[in-house]
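Data block below; observations after.
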Amino acid sequence: MMKERLQQAKKNKKDEFYTQLTDIEKELGHYKEHFKNKIIFCNCDDPKESNFFKYFALNFKHLGLRKLITTHYTNRRGNSYKLEIIEDINNDGRIDLNDAVKTPLQGDGDFRSDECIEILKEADIIVTNPPFSLFREYVGQLIDFEKSFIIVGHQNALSYKEIFKLIKENKLWLGYGFKGGAGHFINKYYEDYATAGNHKDGMIRVSGVNWFTNLDIKKRHEDLILYKQYTPEEYPKYDNFDAINVDKTKEIPMDYDGYMGVPITFMDKYNPEQFEIIGQMATTKVDEFNFGYPYINGTKKYARILIQNKRLQNGN
198 MMKERLQQAK KNKKDEFYTQ LTDIEKELGH YKEHFKNKII FCNCDDPKES
248 NFFKYFALNF KHLGLRKLIT THYTNRRGNS YKLEIIEDIN NDGRIDLNDA
298 VKTPLQGDGD FRSDECIEIL KEADIIVTNP PFSLFREYVG QLIDFEKSFI
348 IVGHQNALSY KEIFKLIKEN KLWLGYGFKG GAGHFINKYY EDYATAGNHK
398 DGMIRVSGVN WFTNLDIKKR HEDLILYKQY TPEEYPKYDN FDAINVDKTK
448 EIPMDYDGYM GVPITFMDKY NPEQFEIIGQ MATTKVDEFN FGYPYINGTK
498 KYARILIQNK RLQNGN
């Protein structure tokens, strides 16, 4: 039993990727209008390490927050706690980290615990970097409780059936993202194999990370400019699905009204007013959202998102 606990503790530690304050500032600057008079909950944070609580604490008045809450997770039951900032309790004329009130929790601070769920019910917007290994479960909880959120996740999550369903139904989409599609995170339990130019001391470079949200942002309504015309030679059809293949998002033909398979990087440019998501061809499993890996003349292609141009369907 002790060995299992130690292995689980080690696994939990490996799931702790602490986000840089600069990355948080760059992304959350696009959501300022959403934060006014709201209760923000960072429920997958370690207040001593995480910069999410720090960001909101330092910008409490500027953003017009009503309350800021974070819960600390520990693998030792009864040693967790909650931090809350509501007002200037020390009367120094500002609201910051010095105004945080610490309250012990009975449990370990796990986001799935009854204590944390009760706090979740009170919150308006959840902002954090949840464990990548629990991403499906974490997002499912936010959807079940109808919460707004801005969270960090890996692009692999786009192919998860549960996550893709939310994307297709326009209940979740990508935020503005990390520069170059990669982020540097604090995590001393992994060795960083980044090249010298990409290496940062004490950090690990993670490719394919994204911000996921269900808050409306300007980016979501920007049209992708199309300039290429369709030809059967340049855009062959798949062997196993009636859709043409598009190798680059920027090369989506402007005059094709049928189904198209585009790279998953398309999701960063997705405007639901311009395109409709039909499904995906991303895994070997076939279900109502996924139609198996795409093949052309017997050759397997990279994973694809299946889309259709809504403007052409509407005669525009």
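Every position in the sequence shown, counted from 1, becomes a number in our numbering once 197 is added.
C-beta: ideal position from N, C-alpha, C; glycine also.
No experiment lies behind these values; they were computed from the predicted model shown.
- Taking all protein chains shown into account, Ser-330 has fewer than 16 neighbouring C-beta atoms within 10 Å of its C-beta and is therefore exposed.
- If only complete runs of 3 or more residues are kept, the segment 216-276 shows the beta strand (DSSP E) at 236-242, 264-269, in order along the chain.
- Check the Cα spacing between Thr-481 and each of Gln-471, Lys-497, Lys-466: the tightest is with Lys-497.
- Listed in chain order, the beta strand (DSSP E) runs fully inside the segment 430-501 are 457-459, 472-478, counting runs of at least 3 residues.
- Glu-470 counts as exposed, since fewer than 16 other beta carbons sit within 10 angstroms of its beta carbon.
- The beta carbons of Thr-268 and Gly-226 sit no closer together than 7 Å.
- By the Cβ neighbour-count rule, Gln-510 is exposed, with fewer than 16 other Cβ atoms within 10 Å of its own.
- Cβ atoms of Ala-379 and Ser-404 come within 8 Å of each other, at about 5 Å.
- Pairing Trp-408 with Gly-377 gives a Cβ-Cβ distance that is not under 7 Å.
- For Ile-314, the enclosing alpha helix (DSSP H) begins and ends at 311-319.
- DSSP places Leu-280 in no alpha helix (DSSP H) but in the uninterrupted beta strand (DSSP E) bounded by 278-282.
- The three-state secondary structure of Gly-372, taken from DSSP, is coil.
- Remark: C-beta atoms of Arg-263 and Ile-292 do not approach each other more closely than 7 Å.
- Bounds of the beta strand (DSSP E) holding Phe-409 are 406-410.
- Comparing C-alpha distances from Thr-446 to each of Phe-463, Ile-364, Tyr-424, Asn-437 shows the shortest one belongs to Phe-463.
- Boundaries of the alpha helix (DSSP H) harbouring Gly-337: 332-341, taken from the DSSP string.
- Of all C-beta pairs linking the segment 428-442 to the segment 454-463, three or more are shorter than 8 Å, placing the two stretches in contact.
- Less than 7 Å separates the beta-carbon of Leu-423 from that of Ile-449.
- In terms of CA proximity to Ile-502, Tyr-435 leads the group Asp-452, Met-451, Asn-494, Tyr-435.
- Taking the CA atoms as reference points, Phe-249 sits about 24 Å from Arg-417.
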